[in-house]
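Note sheet for the following structure.
2 protein chains.
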Amino acid sequence: MNKVGIAAFGLVKFSLEDKPVESLLLHSVKSLFENCPNLTKKDIDGVLVSTNHNSKYLSPILSEISGIEPKIAHSVENLCNSGSNAIVSAYSYVASGLAESVLVSGAERYDSPGKILEWDKSRGEYSHPIYWASIFTKSYKQKYAVKDEDLALVSFKNHRQSRENPNALQSEDYTIEDILNSKKVTEELRLLECSRSCTGGAAILISSEKKIRELTDCPIWITGIGQKTTSAGFTKNTLFSSMESSTIAARNALTMANCQPKELDVIELHDAFSVCEPMALESIGLASEGKGMTIVKEGISSNNFKINPRGGLIGAGHPLGATGIAQTIEIMQQLQHNADSRQVDSPKKGLIHNMAAASTSSTVLVLEN
Amino acid sequence: MNKVGIAAFGLVKFSLEDKPVESLLLHSVKSLFENCPNLTKKDIDGVLVSTNHNSKYLSPILSEISGIEPKIAHSVENLCNSGSNAIVSAYSYVASGLAESVLVSGAERYDSPGKILEWDKSRGEYSHPIYWASIFTKSYKQKYAVKDEDLALVSFKNHRQSRENPNALQSEDYTIEDILNSKKVTEELRLLECSRSCTGGAAILISSEKKIRELTDCPIWITGIGQKTTSAGFTKNTLFSSMESSTIAARNALTMANCQPKELDVIELHDAFSVCEPMALESIGLASEGKGMTIVKEGISSNNFKINPRGGLIGAGHPLGATGIAQTIEIMQQLQHNADSRQVDSPKKGLIHNMAAASTSSTVLVLEN
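Residue numbers (the working numbering), protein chains in the order written: chain R, 1 to 369; chain D, 370 to 738.
Written out as structure tokens, the structure reads:
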């Protein structure tokens with residue numbers, strides 16, 4: 001298969017602002033062009049929009065207002081996992097030879113219709129993701145004798161790390177006590193253990209090797225891709241203490257990249273709620289079942305930024321359609337040694353884990369420099 | 370590039386029924402499995418949903434209710450051109466090696482939010498597609514001295530042909546007089562010259578050569594792909610009497626397939642309104658500028674079903690997200706010599722033309738047996 005990688009990126013600061021989705025998309029693309037002086041509009045063969053917004057025809061709209069006339073142009077939607085799906089779709093357009101460069105722009109507003117799971121009728125009135133997260137939290141704590149004080153460490157670490165991310169929604173520092181004393185939103189979960197839907201945008205350019213060599217001196221290659229959908233409704237998942245789709249996606253991505261979990265130097269994972277971080281670390285194979293918190297604690301004691309360097313979804317905010325793209329940009333910047341005060345030591349291989357709706361579907365990417 | 374083709378199809382009759390989009394998607398997949406006895410659920414690596422419906426996470430929902438656990442799963446949206454974009458996306462997943470087989474299911478309800486172009490603020494209150502179609506009709510008639518009686522022939526032919534399509538919305542036969550005397554909806558257009566948004570579903574399986582050989586004795590190959598987006602708002606298109614994106618997409622698809630327009634034996638094209646048929650024939654290169662009606666008239670006098678054999682959008686109905694897939698299924702069936710009373714003589718090469726929003730974006734596919 002031909003080498004495919006990332007040539008450029010753009011970001012729009014995460015916020016709670018009331019901006020039109022078209023404006024967020026446009027500004028992510030403007031930022032990408034500013035970051036890549038050699039790029040011209042004629043280089044772009046495809047424009048994919050990743051969002052949960054209800055507006056139609058957003059890819060041609062973004063193309064027109066950006067002055068791009070692409071071949072390929074459409075929207076991609078898969079709830080919180082939209083951005084990672086759009087990146088894999090862009091990869092396939094380039095790897096198949098249908099395109100040399102595909103621009104992926106993700107954007108969301110704080111009031112995204114993807115925030116609630118109205119489609120899962122089995123949930124009754126419990127349509128907010130916090131209800132599956134509460135069941136996951138309760139199961140995980142019971143099965144592995146994990147305490148509230150342990151899980152609060154995820155939020156503590158990710159908020160602390162997000163202070164070094166200029167693009168993050170918030171830059172507040174919270175103590176473990178602040179987190180444990182924050183408002184209880186369900187019996188199991190406190191407000192500061194939840195990511196927040198927000199406004200934001202992120203864009204990335206996926207290109208062939210030939211095109212990447214023209215555009216950047218620091219190419220980053222996509223060497224592993226794994227995806228899995230096990231269901232849509234989360235009650236089909238009989239184990240609430242592990243994430244099957246993430247385990248399968250991670251295994252396939254690591255196999256494709258010929259990479260062992262221990263070789264990974266930096267990881268972005270989908271911590272929509274605090275319990276998701278240890279569960280994702282176990283799915284990736286970095287810890288055995290029930291031992292994910294060991295890695296979180298190591299990260300805190302060594303302050304090494306290895307896991308969720310930009311602050312994760314809890315620290316950075318969660319603009320649904322932009323999240324998978326922003327996660328990928330963070331690993332790109334890390335591998336380019338361009339992550340400022342978030343930089344980990346000499347990373348060679350990084351992984352992105354994204355998922356949707358109680359891990360009923362997952363996407364995992366491996367990047368290398 | 371590896372050969373990629375179509376292994377199976379499924380259809381849900383076009384109607385004005387009030388059915389949930391999930392049901393339409395499911396029944397298109399059920400029909401596909403019934404048509405392909407060798408296919409198992411484990412064969413399917415990807416499930417793409419093509420629709421303008423606002424519901425989220427429809428691909429995992431369809432996967433769960435169909436009993437499929439795919440790797441790749443997301444929705445694709447590009448207004449009327451969604452289905453063709455989803456087919457090209459599926460092609461790229463297979464051609465890149467990320468998948469062996471990708472199921473594309475398109476469905477729409479009669480009340481689709483894609484029916485009006487609310488996103489184009491420059492239209493003011495004229496958000497219904499009939500307004501661009503009226504401008505196209507007026508320009509085309511003036512520039513090429515074409516009469517209302519000429520354009521009515523498109524509707525006459527396509528309604529007549531749709532009577533042989535058991536999947537069509539309507540099976541009424543109309544005389545030229547019926548069409549010319551039907552209700553005037555704008556100064557330029559009559560009701561029977563317009564396609565009708567309707568309820569319907571269509572599914573198709575895109576597979577690698579190896580997988581296709583296991584599944585069918587009548588493989589159909591996708592040999593040409595062309596796509597172009599010139600803008601989103603149609604007023605950027607300064608020529609209202611030709612369709613630039615369609616011309617570019619057709620040229621690229623025919624070049625990729627190493628095929629001349631005159632070699633095409635059967636064609637499905639996007640006749641959302643009567644004037645679109647001669648304009649599309651000119652874009653494809655089958656007639657010179659302003660001469661598209663010659664081909665329509667030839668089709669009527671010889672009753673050869675070459676252009677829009679299933680009755681086009683005007684005759685068969687237009688369930689937005691399903692249309693591009695249903696068009697492709699028709700050409701597939703023609704090339705398999707399996708189109709019953711719609712069959713053209715010994716076809717070898719067929720073309721599908723689909724577009725959205727006043728031809729601001731177009732997709733053209735060439736298929737061969």
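Positions of the beta carbon are idealized from the N, C-alpha and C atoms, including for glycine.
- [ ] Using beta-carbon positions only, say whether Phe378/D and Ala649/D come within less than 8 Å of one another.
- [x] Taking 8 Å as the cut-off, the Cβ atoms of Phe378/D and Ala649/D do not count as close.
Task: His74/R at chain D interface by Cβ criterion, 8 Å - done: At least one chain D Cβ lies under 8 Å of His74/R.
Task: Among Lys516/D, Ile499/D, Lys440/D and Pro406/D, nearest to Gly661/D - alpha-carbon criterion - done: Out of Lys516/D, Ile499/D, Lys440/D and Pro406/D, Lys516/D has the C-alpha closest to the C-alpha of Gly661/D.
Open item on the list: Less than 8 Å between CB atoms is the rule here; does Leu448/D satisfy it with respect to chain R?
Closed with: It does; some Cβ of chain R falls within 8 Å.
TODO: Note the first and the last residue of the continuous beta strand (DSSP E) segment covering Gln227/R.
DONE: First-last of the beta strand (DSSP E) with Gln227/R: Ile220 to Thr229.
Task: Where Glu64/R meets chain D, residues with beta-carbon distance less than 9 Å - done: Near Glu64/R (Cβ distances below 9 Å), the residues of chain D are Thr598, Thr599, Ser600, Ala601, Gly602, Lys605 and Thr729.
Task: Cut-off 6 Å between Cβ atoms - residues of its own chain near Leu320/R, not counting five sequence neighbours on either side - done: Answer for Leu320/R: Asn52, Cys80, Glu108, Ser112 and Gly114, listed in chain order.
- [ ] Tell me, to the nearest whole angstrom, how far the beta carbon of Ile314/R is from that of Ser195/R; I am working on the premise that it is less than 8 Å.
- [x] Rounded to whole angstroms, the Cβ separation of Ile314/R and Ser195/R is 5 Å, and the two are in contact under 8 Å.
Open item on the list: Once the 5 residues before and after Ser359/R are set aside, which same chain residues still bring their CB inside 6 Å of it?
Closed with: Counting only residues of its own chain and dropping the five nearest sequence neighbours on each side, Ser359/R has a CB closer than 6 Å to the CB of Met243, Ser245 and Ser246.
TODO: Use the C-beta contact count for Thr697/D: other C-beta atoms within 10 angstroms, 16 or more gives buried, fewer gives exposed.
DONE: Classification of Thr697/D: buried, given that the 10 Å Cβ count is 16 or more.
- [ ] Measure the C-alpha to C-alpha separation of Glu214/R and Asp709/D and round it to an integer number of angstroms.
- [x] One C-alpha to the other measures close to 53 Å.
Open item on the list: Can you give me the C-alpha to C-alpha distance between Asn454/D and Ser63/R, rounded to a whole angstrom?
Closed with: Going by the C-alpha atoms only, they are around 16 Å apart.
Task: Interface partners of Ser392/D on chain R, CB under 7 Å - done: By Cβ distance, chain R contributes nothing, its closest Cβ being about 13 Å from Ser392/D, past 7 Å.
Open item on the list: If I follow the unbroken alpha helix (DSSP H) through Leu320/R, where does it start and stop?
Closed with: In this chain, the alpha helix (DSSP H) harbouring Leu320/R covers Leu320 to Leu335.
Task: Assigned secondary structure, Asn621/D (DSSP; H/G/I helix, E/B strand, else coil) - done: Three-state DSSP puts Asn621/D in a helix.
- [ ] Find the residues of chain R that neighbour Asn707/D, judging by a C-beta separation of less than 7 Å, and give them in chain order.
- [x] Chain R residues near Asn707/D: none, gap ~28 Å exceeds 7 Å.
- [ ] Starting from the C-beta of His318/R, find all residues in its chain whose C-beta is less than 8 Å away, skip the five residues before and the five after it, and write them out in chain order.
- [x] The beta carbon of His318/R lies closer than 8 Å to those of Cys80, Ser195, Arg196, Ser197, Cys198 and Ala272 in the same chain, with the five residues before and after it left out.
Task: Leu169/R classed as buried or exposed, judged by whether at least 16 other C-beta atoms fall within 10 angstroms - done: A residue is called buried once 16 or more other Cβ atoms fall within 10 Å of its Cβ, and Leu169/R is buried on that count.
TODO: Would you mind sorting Gln702/D into buried or exposed? The rule is 16 or more other CB atoms within 10 Å of its CB.
DONE: Classification for Gln702/D: buried.
Open item on the list: Does chain D have any CB closer than 8 Å to the CB of Trp132/R?
Closed with: Chain D contact via Cβ: absent.
- [ ] Within the same chain, show all residues whose beta-carbon is closer than 6 Å to that of Thr585/D, passing over the 5 residues directly before and after it, in chain order.
- [x] Excluding sequence neighbours, Thr585/D sits near Ala376.
Task: Residues near Lys388/D in its chain [Cβ-Cβ closer than 8 Å; skip 5 each side] - done: Here the set comprises Arg478 and Thr568.
TODO: List the residues of chain R whose Cβ lies closer than 8 Å to the Cβ of Ser428/D, in chain order.
DONE: For a Cβ distance threshold of 8 Å, residue set Asn78 and Thr229 of chain R lies close to Ser428/D, ordered along the chain.
Open item on the list: Run through the DSSP bridge pairs and tell me what His443/D is partnered with.
Closed with: His443/D is bridged to Leu417/D.
- [ ] Determine the chain D residues that contact Ala95/R at a beta-carbon separation under 9 Å, and present them in chain order.
- [x] Identification of chain D residues near Ala95/R by a Cβ-Cβ cut-off of 9 Å yields Ser461, Ala464, Ser465, Gly466 and Leu467, ordered along the chain.
Open item on the list: Tell me which residues share the same chain as Ile72/R and place their Cβ nearer than 8 Å to its Cβ, disregarding the 5 neighbours each side in the sequence.
Closed with: Excluding positions up to five away in sequence, the list reads Asp45, Gly46, Val47, Leu48, Tyr93, Leu98, Ala99 and Val102.
Open item on the list: Give the list of continuous alpha helix (DSSP H) stretches no shorter than 4 residues that lie fully inside the region 119-167 of chain R.
Closed with: Runs of the alpha helix (DSSP H) spanning 4 or more residues and lying entirely within the region 119-167 of chain R occur at 130-144 and 148-162, in chain order.
Task: CB of Ser55/R within 8 Å of CB of Val21/R, strictly - done: The answer is yes: Cβ separation under 8 Å.
Task: Contacts that Ile225/R makes with chain D (C-beta to C-beta distance below 7 Å) - done: Within chain D, the C-beta atoms nearer than 7 Å to that of Ile225/R come from Leu467, in chain order.
Task: Asn258/R versus His270/R, Ser231/R, Ile222/R and Lys236/R, residue with shortest Cα-Cα distance - done: Sorting His270/R, Ser231/R, Ile222/R and Lys236/R by C-alpha distance to the C-alpha of Asn258/R places Ile222/R at the top.
Open item on the list: Judging by CA-CA distance, which residue of Ser59/R, Pro347/R and Leu189/R is the nearest neighbour of Ser600/D?
Closed with: Ser600/D has its Cα closest to that of Ser59/R, out of Ser59/R, Pro347/R and Leu189/R.
TODO: Pair every Cβ in the region 709-724 of chain D with every Cβ in the region 549-558 of chain D, then say whether three or more of these pairs are closer than 8 Å.
DONE: Judged by pairs of C-beta atoms under 8 Å, the region 709-724 of chain D does not touch the region 549-558 of chain D, as fewer than three such pairs exist.
Open item on the list: How far does the beta strand (DSSP E) with Thr732/D in it extend, from its first residue to its last?
Closed with: For Thr732/D, the enclosing beta strand (DSSP E) starts and ends at Ser730 to Glu737.
Task: Val665/D vs Val523/D beta-carbon contact at 8 Å - done: Taking C-beta atoms as the reference points, Val665/D and Val523/D count as a pair closer than 8 Å.
- [ ] With DSSP as the reference, label Glu637/D as helix, strand or coil.
- [x] Reduced to three states, the DSSP call for Glu637/D is strand.
Task: Selected residue, minimal CA-CA separation from Gly299/R, among Ile267/R, Val4/R and Ile130/R - done: Of the candidates Ile267/R, Val4/R and Ile130/R, Ile267/R places its Cα closest to the Cα of Gly299/R.
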